[in-house]
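In the numbering used here, the protein residues as written are 849 to 1480.
Beta carbons are placed, not taken as given, at the ideal position from N, Cα and C, and that holds for glycine.
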Amino acid sequence: MKGEGTMDKQRVDVCVVGAGHAGVEAALACARLGMETILFTMSLDAIANLPCNPSIGGTAKGHLVYEIDALGGEMGYGADLVTLQSRTLNLGKGAAVYSKRVQADRMMYRSVMKRVLENTKNLRVVQAEITDIKTVCENGEKRIDAVVTRLNEEYPTKAAILCTGTYLNGTVHTGNVCYLSGPDSLMAATFLTDALKREGISMMRFKTGTPARVHKDTIDFSKLEIQEGDEGTLPFSWRTNEESYPQREQIPCHIVYTNANTHKIIRDNLTKSAMYSGNIHGTGPRYCPSIEDKLVRFADKERHQLFIEPCGLDTKEMYIQGFSTSMPTDVQLQMLHSLDGFENAQVMRYAYAIEYDCTDPQELLATLEYKKISGLYGAGQFNGTSGYEEAGAQGLVAGINASLKIKGEEPMILSRSSSYIGTLIDDLVTKGTNEPYRMMTSRSEYRLLLRQDNADLRLTPIGRRVGLVSDEQWEHFEKRRKQIEDEKNRLSHVLIYPTDEVNKVLEESGTSKISVPTQLGELLKRPQLDLEKLSEFDLNKPKLKKSVVFTAQTDIKYDGYVKKQLAEVARQEKMENKPLSSDIDYSTIKGLRIEAVQKLNKVKPLTLGQASRISGVSPADISVLMIYLSTK
Ligand SMILES: Cc1cc2nc3c(=O)[nH]c(=O)nc-3n(C[C@H](O)[C@H](O)[C@H](O)COP(=O)(O)OP(=O)(O)OC[C@H]3O[C@@H](n4cnc5c(N)ncnc54)[C@H](O)[C@@H]3O)c2cc1C
849 MKGEGTMDKQ RVDVCVVGAG HAGVEAALAC ARLGMETILF TMSLDAIANL PCNPSIGGTA
909 KGHLVYEIDA LGGEMGYGAD LVTLQSRTLN LGKGAAVYSK RVQADRMMYR SVMKRVLENT
969 KNLRVVQAEI TDIKTVCENG EKRIDAVVTR LNEEYPTKAA ILCTGTYLNG TVHTGNVCYL
1029 SGPDSLMAAT FLTDALKREG ISMMRFKTGT PARVHKDTID FSKLEIQEGD EGTLPFSWRT
1089 NEESYPQREQ IPCHIVYTNA NTHKIIRDNL TKSAMYSGNI HGTGPRYCPS IEDKLVRFAD
1149 KERHQLFIEP CGLDTKEMYI QGFSTSMPTD VQLQMLHSLD GFENAQVMRY AYAIEYDCTD
1209 PQELLATLEY KKISGLYGAG QFNGTSGYEE AGAQGLVAGI NASLKIKGEE PMILSRSSSY
1269 IGTLIDDLVT KGTNEPYRMM TSRSEYRLLL RQDNADLRLT PIGRRVGLVS DEQWEHFEKR
1329 RKQIEDEKNR LSHVLIYPTD EVNKVLEESG TSKISVPTQL GELLKRPQLD LEKLSEFDLN
1389 KPKLKKSVVF TAQTDIKYDG YVKKQLAEVA RQEKMENKPL SSDIDYSTIK GLRIEAVQKL
1449 NKVKPLTLGQ ASRISGVSPA DISVLMIYLS TK
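Now the structure itself:
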């Protein structure tokens, strides 16, 4: 029986379920690619909510934000507009893992993103809970047909993208108190999971947690270490003027440490924590552990570092990063009051853990479309990841691919060597995940290629191919790309003469003198040297943006490593370019081990390269597949 109010609903192109970080990128990508799009959310007042740390970016997450921006996404520019503090992490390591992280004004970010959505052509934003999906079978293929709201409205659609985050059967836990709820006391979505299971989709139960928010005026900051932002950091987005970034004076974070008393309180009450009382069944993120987990896993550590982060300019809420817990409220207060400077702390929001349903990403293709249901896509925390940046990246990819499929155009599948986004999605759909997946630089075997500053050189041409990169962005990119090439070319021709002044600088920098005129580019390959140190000898240097100079110099410095990695990419690509049909029944291929047959039939890899990354598929199995392919 069709739902009420169906009669007048025209079939739209895309329905996006969820206006979190995944849903926002998905909906904007679809609408900007000309798709008539409807974005549904449980609450219009919680669009692009930051329910956990009020920050965007961080190790590898900063790379994802730059990659989203390079492809024509929104998160980077939004983060630049609401930056309270900006830092570059890992400066002590190589430029490939330099990672930008900003403290973001939570309320401002929500309103910035809501404004963008409301002013985007082809896009409607509707506050409604999606409780069901409708599918139809045509020519033996199941496809999405409509989504249904709690008010029984049915929206016929060509594609639907599920970006439900931590809301599906969301259950909040604080001590032994638990109740159905989404994050920040928003309503949980309690119908859709059953509908998805009815359609044969496998669901998992995951968990994550967040710390308390404390009133700023009740913290004695004189007892805390201060952590200032970095001067001269570059913005995330090409749209932001790097000379006037950040657009407001930076505000500090602070640092405090747990102590023996804090640890005693937690150990004495460990069984009262929802995590350790057995109340929680969902699997939590290994890399964002609760403070209880840290004490159990790193029992020998005398203290744990906590960051006190501002949640916004116009609020007194302070976020205690690293102190997430699911202890009962009385224990939480004891834990807080045990910290130096927090003796009189007043809680504005108590910490909690939240369990929620998500899907098994191995049921998705690398386009993030379901193998079983054509036109249905998944993105974000719903796919088993954790993090705003991971969510935004998947939303963008799902939105682009849903639009390309409707237009009958080639899908966008990002390779592992092209980006962290490509690595993230390949890990999810090929290996799956049994805990909330967080991106890290160590997850990429090509991390020396995937620097945050060259994200546009790697991805903007792809964003242009799929139609999301605007003429303005393309023009900006082409100009920057040319300036970088010209500067690299110039640096490889500028000669530095072996004068006393030059050799004095070389010696002071801890590197050897030169005795013959040497190319500036060659000198830059020395780890002790950079353009800043040699600038007085580089007389005719053009006036270039800091971001152009940084990329040109870093390309020169990494030239050798990059060539080696590119050779490895070329070798791997031979495997990546050997397609495998998703119709193969691997049980019919002689010589494959049983485990490999089971795994290959579950994942249905699209290439030999993807098959080689499935855990349980051995190199011997790959040789069998290569022989099989050679007979085809
Ligand atoms: C308590 C908590 C702690 C966290 N801790 C961390 C952490 O430590 N580290 C980290 O990296 N990340 C953490 N996160 C995760 C981070 O918040 C998410 O990764 C990110 O918000 C995911 O973005 P998303 O777009 O997938 O989903 P969300 O941002 O969760 O957005 C989901 C959207 O879907 C909508 N929605 C859901 N169901 C329906 C429905 N049926 N119909 C209509 N709309 C629907 C909601 O209204 C919302 O707009 C935490 C999240 C929470 C809640």
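Reference residue i, options the options, closest by Cα
{"i": "residue 1225", "options": "859, 858 and 866", "result": "866"}
{"i": "residue 1353", "options": "1339, 862, 1373 and 1384", "result": "1384"}
{"i": "residue 923", "options": "1085, 1249 and 1255", "result": "1085"}
{"i": "residue 1101", "options": "1451, 1031 and 1078", "result": "1078"}
{"i": "residue 1174", "options": "1132, 1388, 1041 and 1245", "result": "1132"}
{"i": "residue 1221", "options": "981, 1243, 1390 and 1307", "result": "981"}
{"i": "residue 1325", "options": "1424, 1051 and 1310", "result": "1310"}
{"i": "residue 1342", "options": "950, 1004 and 1370", "result": "1370"}
{"i": "residue 928", "options": "1449, 1009 and 949", "result": "949"}
{"i": "residue 1034", "options": "1069, 897 and 1104", "result": "897"}
{"i": "residue 1001", "options": "1284, 1018 and 977", "result": "977"}
{"i": "residue 1374", "options": "1386, 925 and 1402", "result": "1402"}
{"i": "residue 1006", "options": "1332, 1252 and 1306", "result": "1252"}
{"i": "residue 1147", "options": "1111, 872 and 1358", "result": "1111"}
{"i": "residue 1249", "options": "1266, 1230, 1214 and 1271", "result": "1214"}
{"i": "residue 1031", "options": "1422, 1056, 1284 and 1042", "result": "1056"}
{"i": "residue 803", "options": "1083, 1137 and 1408", "result": "Shown here, the chain extends from 849 to 1480; a query on residue 803 therefore has no answer."}
{"i": "residue 1205", "options": "1049, 904, 1394 and 1448", "result": "1049"}
{"i": "residue 1142", "options": "1164, 1129 and 1170", "result": "1170"}
{"i": "residue 1261", "options": "1307, 1230 and 1239", "result": "1307"}
{"i": "residue 1192", "options": "954, 863 and 1071", "result": "1071"}
{"i": "residue 1421", "options": "1104, 1451, 1456 and 1445", "result": "1456"}
{"i": "residue 1459", "options": "1314, 1434, 958 and 1480", "result": "1434"}
{"i": "residue 1287", "options": "1272, 1277, 1278 and 1279", "result": "1272"}
{"i": "residue 1305", "options": "1283, 894, 1294 and 1267", "result": "1267"}
Integer Cβ distance of residue i from residue j, believed to fall under 8 Å
{"i": "residue 1107", "j": "residue 1024", "result": "Actually they do not touch by this definition, with Cβ atoms about 27 Å apart."}
{"i": "residue 936", "j": "residue 947", "result": "7 Å"}
{"i": "residue 1397", "j": "residue 1335", "result": "7 Å"}
{"i": "residue 1120", "j": "residue 1179", "result": "6 Å"}
{"i": "residue 1428", "j": "residue 1472", "result": "Not quite, the Cβ-Cβ distance comes to about 13 Å (not below 8 Å), so this is no contact."}
{"i": "residue 1069", "j": "residue 1189", "result": "6 Å"}
{"i": "residue 1368", "j": "residue 1382", "result": "6 Å"}
{"i": "residue 1021", "j": "residue 1200", "result": "6 Å"}
{"i": "residue 1269", "j": "residue 884", "result": "Actually they are not in contact, since the Cβ atoms of residue 1269 and residue 884 sit about 26 Å apart, beyond 8 Å."}
{"i": "residue 879", "j": "residue 971", "result": "4 Å"}
{"i": "residue 1275", "j": "residue 1291", "result": "6 Å"}
{"i": "residue 1243", "j": "residue 871", "result": "6 Å"}
{"i": "residue 1053", "j": "residue 1203", "result": "6 Å"}
Alpha helix (DSSP H) segment containing residue i, residue limits
{"i": "residue 1157", "result": "Looking at the DSSP string, residue 1157 is not in any alpha helix (DSSP H); the run it does join, the beta strand (DSSP E), is 1153-1158."}
{"i": "residue 1040", "result": "1040-1046"}
{"i": "residue 1457", "result": "1456-1460"}
{"i": "residue 1129", "result": "Taken as a continuous stretch (DSSP letters only), residue 1129 belongs to no alpha helix (DSSP H), as it is neither H nor E."}
{"i": "residue 1381", "result": "1379-1382"}
{"i": "residue 1177", "result": "1177-1185"}
{"i": "residue 1110", "result": "1108-1116"}
{"i": "residue 1144", "result": "1139-1145"}
{"i": "residue 1443", "result": "1442-1451"}
For residue i: DSSP bridge partner residues
{"i": "residue 1488", "result": "Residue 1488 is absent from the structure shown; the chain starts at 849 and stops at 1480."}
{"i": "residue 858", "result": "In DSSP, residue 858 forms no bridge with anything."}
{"i": "residue 864", "result": "887 and 1009"}
{"i": "residue 1166", "result": "1062 and 1158"}
{"i": "residue 1103", "result": "1073 and 1155"}
{"i": "residue 878", "result": "DSSP, once it has assigned bridges, lists no residue as partnering residue 878."}
{"i": "residue 1021", "result": "1026 and 1201"}
{"i": "residue 1367", "result": "1343"}
{"i": "residue 1396", "result": "Paired residues: none, contrary to the question."}
{"i": "residue 1037", "result": "1016"}
{"i": "residue 872", "result": "Bridge partners of residue 872: none, in fact."}
{"i": "residue 1416", "result": "Bridge partners of residue 1416: none, in fact."}
Continuous beta strand (DSSP E) stretch holding residue i: start and end
{"i": "residue 1468", "result": "No beta strand (DSSP E) contains residue 1468, which is instead part of the alpha helix (DSSP H) from 1467-1478."}
{"i": "residue 1056", "result": "1051-1058"}
{"i": "residue 1073", "result": "1073-1075"}
{"i": "residue 975", "result": "971-975"}
Give, in chain order, every unbroken run of the beta strand (DSSP E) that is at least 3 residues long and sits entirely within the segment 1301-1361.
-> none
What are the complete beta strand (DSSP E) segments, minimum 3 residues, inside the segment 1197-1221?
-> 1200-1207
In chain order, which alpha helix (DSSP H) runs of at least 4 residues are fully inside the segment 882-956?
-> 909-918 and 923-929
Could I get the ranges of all uninterrupted alpha helix (DSSP H) runs contained in the segment 1225-1267, with 4 residues as the minimum, in chain order?
-> 1236-1255
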